[in-house]
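Numbering-wise (this note's numbering), the sequence shown opens with residue 10 and increments by one. Ideal Cβ placement from N, Cα and C applies to all residues, glycine included. Okay, so here's the structure we're looking at.
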Amino acid sequence: MDGQKQSYYINIQSNDIFRDPYEGDWNFKIEATESQVNALERLFDRNEETDWESYFRSHIPYLEYHHQPQNREYDQRMLLIYTMLFYLGDEKTRSHIRKMGILNEDPAYIQHKSF
């Protein structure tokens, strides 16, 4: 049943993925297979780990943000998360992400990518 898409509701700040729109606050609606949602969960999990690493490193004053490899990785993962949300999202989700202006690629191209 992995190939069947279902609706999911994403809270980007808390990294929550809901199956029901009434489970919690959400920002984006997507239509995704179970494996696509699992990939998104892994990206969220890795970003949470990086958040903790950054928190602890932030207490060392001589380490600058842009010199930390985990910060670049975090930024790249966030871009990938938004790309996946754009690709899997409904029109409202895609419109919101377009307005954010964070994707460098042509959104029409992104729609044809496979995750």
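Touching or not, the stretch 41–52 and the stretch 11–28, by the rule of three or more beta carbon pairs under 8 Å?
The stretch 11–28 and the stretch 41–52 touch, with three or more beta-carbon pairs separated by less than 8 Å.
Can you tell me whether N20 is helix, strand or coil according to DSSP?
When DSSP states are grouped into helix, strand and coil, N20 belongs to the strand group.
Where the alpha helix (DSSP H) containing K101 begins and where it ends
Element bounds for K101: 100–109.
Considering only DSSP beta bridges, list what K38 is partnered with.
When beta bridges are read from the DSSP output, K38 appears opposite Y18.
Report, in whole angstroms, the separation of the C-beta atoms of L97 and Q45, which I expect to be a contact under 8 Å.
Taking C-beta atoms under 8 Å as the contact rule, L97 and Q45 qualify, at a distance of about 6 Å.
With 16 other CB atoms within 10 Å as the buried threshold, where does M109 fall?
When all chains shown are included, M109 counts as exposed.
Three-state secondary structure (DSSP) of D29
In the structure shown, D29 sits in coil (DSSP, three-state: anything other than H, G, I, E or B).
Less than 9 Å between the C-beta atoms of I39 and T102, yes or no?
Going by C-beta atoms, I39 is nearer than 9 Å to T102.
From R55 to L89, what distance separates their C-alpha atoms?
One C-alpha to the other measures close to 12 Å.
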